[in-house]
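Chemist: Shown below is the structure under consideration.
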Amino acid sequence: MTSVCPSLISPDVTTQSQVSNSPLKLGIMASGNGSNFEAVAQAIENGQLNAQIQVLIYNNPDAYVAVRALKWKIKAVFINHRHYKQREELDKQIVQTLHSYDVEWVIMAGWMRLVTQVLIDAFPQKIINIHPSLLPSFKGVRAVEQAIKAGVKITGCTVHLVSLEMDSGRILMQAAVPVLAEDNPDTLHARIQAQEHRILPCAIALAASGGCGECGECGRCGR
Ligand code: GRF
148 MTSVCPSLIS
158 PDVTTQSQVS
168 NSPLKLGIMA
178 SGNGSNFEAV
188 AQAIENGQLN
198 AQIQVLIYNN
208 PDAYVAVRAL
218 KWKIKAVFIN
228 HRHYKQREEL
238 DKQIVQTLHS
248 YDVEWVIMAG
258 WMRLVTQVLI
268 DAFPQKIINI
278 HPSLLPSFKG
288 VRAVEQAIKA
298 GVKITGCTVH
308 LVSLEMDSGR
318 ILMQAAVPVL
328 AEDNPDTLHA
338 RIQAQEHRIL
348 PCAIALAASG
358 GCGECGECGR
368 CGR
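Each residue of the sequence shown is one higher than the one before, starting from 148 at the first, in our numbering.
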């Protein structure tokens, strides 16, 4: 039986090694504030993640993440999902954009759209999402509100591979966050986000190392 490495629950971004020495080529997809985008950019800048952000794709013209991209001098491409009748058509445009920027790994950091097989087939096992709950609990929108409403004492965040079913792919890494009696969705989300910013860069390195997230020891179980 494999043991669960504590670093998967309370990970240290400095401990995940990558197999390849060449920087991972990331494409980030985001719809809003972009604090996770910023956390990845900062981890790269600090030398904690050997990667480069090739492009940001965003789908909301007012998304603050676009301002962050400008600050980091990262190319940002606006793709308006409202222009596409079918989700597959939108994903085809996204795939084309990601390929044109030579992206290897797709990171959904607050991307509020469901994906189709088109995107999954273009980047098999190479799409990563972050969700503000301990999956499989509280899938979908308003996960933080769902946790408060359910009265759980511990919630958290999950980084996982993306599959067709929403918030359901293989879990790479999680961090737990206690729910305090005085919490409202904003205060709880702020503490969850602090953990998101820690584990997202770490989970990207884990996924790229071929690690299964099962034992967390070797980082490359190949499952
Ligand atoms: C995060 O809480 C993430 O888990 C969820 O959307 C939020 C995005 O936050 N999928 P930000 O835009 O990165 O600040």
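C-beta: ideal position from N, C-alpha, C; glycine also. Predicted, not measured: the structure shown is a model, and the values here were computed from it.
Is the segment 244 to 258 touching the segment 285 to 304, taking contact as three or more C-beta pairs under 8 Å?
Modeler: no
Chemist: Just to confirm, are G298 and V324 a CB contact at a threshold of 7 Å?
Modeler: no
Chemist: Identify whether A323 lies in helix, strand or coil by the three-state DSSP scheme.
Modeler: strand
Chemist: Taking just the CA atoms, how far does E236 sit from A186?
Modeler: 30 Å
Chemist: Check N276 in the structure and name its three-state DSSP category.
Modeler: strand
Chemist: What first and last residue would you give for the beta strand (DSSP E) that runs through F225?
Modeler: 223 to 225
Chemist: Going by other Cβ atoms of all chains shown within 10 Å of its Cβ, with 16 needed for buried, is P348 buried or exposed?
Modeler: When all chains shown are included, P348 counts as buried.
Chemist: Does at least one heavy atom of ligand 1 sit under 6 Å from the Cβ of G316?
Modeler: No - ligand 1 has no heavy atom lying nearer than 6 Å to the Cβ of G316.
Chemist: Assuming H336 and P279 form a contact by the criterion Cβ under 8 Å, report the distance between their Cβ atoms to the nearest whole angstrom.
Modeler: 6 Å
Chemist: What is the DSSP secondary structure of A328, reduced to helix, strand or coil?
Modeler: coil
Chemist: Using 8 Å for Cβ pairs, my map puts I267 next to I274. What's the rounded Cβ distance?
Modeler: 7 Å
Chemist: If you draw a straight line from the alpha carbon of A198 to that of Q189, how long is it in whole angstroms?
Modeler: Cα atoms of A198 and Q189: separation of roughly 11 Å, rounded to the nearest angstrom.
Chemist: Considering T263, what are the terminal residues of the alpha helix (DSSP H) in which it resides?
Modeler: From DSSP, T263 is part of no alpha helix (DSSP H); its letter is neither H nor E.
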